[in-house]
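Structure first, then comments.
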Amino acid sequence: MAEIKSNAASVEFKNVTKIYGKSKVPAVNDISLFIEAGKLVTLLGPSGCGKTTTLRMIAGLELATAGQILIGGADVTRLPATDRDVSMVFQSYALFPHMTVRENVEYGLKFSGFDKKDTVDKAKAGLELVGLAGFGDRLPSELSGGQQQRVAVARALVLEPQVLLFDEPLSNLDAKLRRHVREEIREIQQKLGLTVVYVTHDQEEALAVSDRIIVMNNAVIAQDGTPRDLYDAPSNAFVADFIGEANIFDCEVSDVKKDVAMVEIGAISLKLPARGHRPGKAKLAVRPSRIDIRKAGAARTVPGTLEKVTYVGSHLEFIVDTEFGTVFAVSPDVDAPFEPGQAVGVGFAERGPVLITG
Ligand SMILES: Nc1ncnc2c1ncn2[C@@H]1O[C@H](COP(=O)(O)OP(=O)(O)O)[C@@H](O)[C@H]1O
Ligand SMILES: [Mg+2]
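Quick note, the sequence shown lines up with residues 64 to 421 if you use the numbering used here.
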């Protein structure tokens, strides 16, 4: 029985820029990145930020205007798509409607020089991997959306590409199925040790499936890190806001010693990782769950007035007016005795606030 192998290879961009036709603004502007072999890395960002363009440059479907692209250490910058060992799964599945599921999966194998037996065996193994072993004789139209996307995944997998690309693969599926299919993709990727570059605009999906996330904004990389890095230590306001919710406060860095900054916000002094900041005005990002609502006048708090308290089942949500602006906080303590209009103290949990750049 044939098996699906992994030919996982790394992907590297060195100062890559893409400018379409006569456009004045780059779709991708001087980005550098490295994706290790065998990892699932997500390009995450709002619509129009350059995710698809980046993916298509890996595939060779677009050529870089400037810079260098390497796959498995080899320079592929000028190689056309047909000469690159990369497969792509699209949002629209792009199955051949008049071919059976099996024929769809065999199609690419036939043209990649596999003999009849290997083609049949590999297609069978591919359909098994995505849980569609019994569906080979059906037409795509006889399958659900989720099943069709799994056929598209099998079709890409069986080619054993160095890199497997996914462009918003779950967009056409309903919410429940989306979770299921994304877990399946992650499982297969880990099982086979594939290099996957995955594009989405959905931060929850990105956090759930990725070894690493590259956040893009306006054609550049806003931050590159593990899901935990990005959530716990966003380096700028865009990432803090795009991944989860964040309160952004003005503060003052009063002193920096080695990598530790003394940060003043109202009467509170915090010792925080400096992250390259120097003394002067700065900004802090704090997750709503890392803000403590305490009694008015409590030590190490800034004063505020509770504007709103909302019970949402699993937690309470607070909106608090402070001299630093409106603060959004959540607490799992649903029995906390707080009422709108009440004076409170707003404090920060340990490892809550992080210094960011504007
Ligand atoms: N074929 C094209 N010709 C001209 N401009 C394009 C083309 N494809 C994308 N763009 C532009 O490049 C920018 C990035 O697009 P894209 O990479 O598709 O972003 P994303 O996938 O993040 O939504 C957008 O401003 C978009 O309008
Ligand atoms: Mg896109």
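Even for Gly, the Cβ is constructed at its ideal location relative to N, Cα and C. These figures come from a predicted structure and were not determined experimentally.
Here Asp265 is actually not in contact with Lys102; their C-beta atoms are around 19 Å apart, not less than 8 Å. Taking C-alpha positions only, Thr105 is separated from Gly111 by approximately 16 Å. Annotated as distal: Ala285 and Pro89, with beta-carbon spacing of 8 Å or more.
In the displayed model, Arg353 falls within a helix according to three-state DSSP. Annotation for Lys114 indicates a beta carbon within 7 Å of some heavy atom of ligand 1.
In this structure Gly404 is not in contact with Leu379, their Cβ atoms being roughly 16 Å apart against a cut-off of 8 Å. The straight-line gap separating the alpha-carbon atoms of Glu99 and Leu228 is approximately 14 Å. In this structure, Gly123 and Ala144 form a Cβ contact; the two beta carbons are roughly 4 Å apart against a cut-off of 8 Å. For Val152, the closest C-alpha among the options Val91, Ser175, Thr163 and Thr115 is that of Thr115. The beta carbon of Ser95 sits closer than 6 Å to the beta carbons of Phe76, Lys77 and Asn78 from its chain, once the five residues preceding and following it are set aside; these are given in chain order. Beyond the five residues adjoining it in sequence on each side, Asp93 comes within less than 6 Å, by CB distance, of Asn78 and Thr80 in the same chain, given in chain order. With a threshold of 7 Å, the Cβ atom of Ser110 counts as near ligand 1, since some heavy atom of the ligand is closer than that. At least 8 Å separates the beta-carbon of Val149 from that of Arg218. Ranked by Cα distance from Arg357, the options Asn70, Ser394, Gly388 and Ser332 are led by Ser394. Within a 10 Å sphere around the beta-carbon of Gly108 sit 16 or more other beta-carbons, which makes this residue buried. The beta carbons of Gly415 and Arg350 sit closer together than 8 Å. Pairing Asp355 with Ala309 gives a Cβ-Cβ distance that is not under 8 Å.
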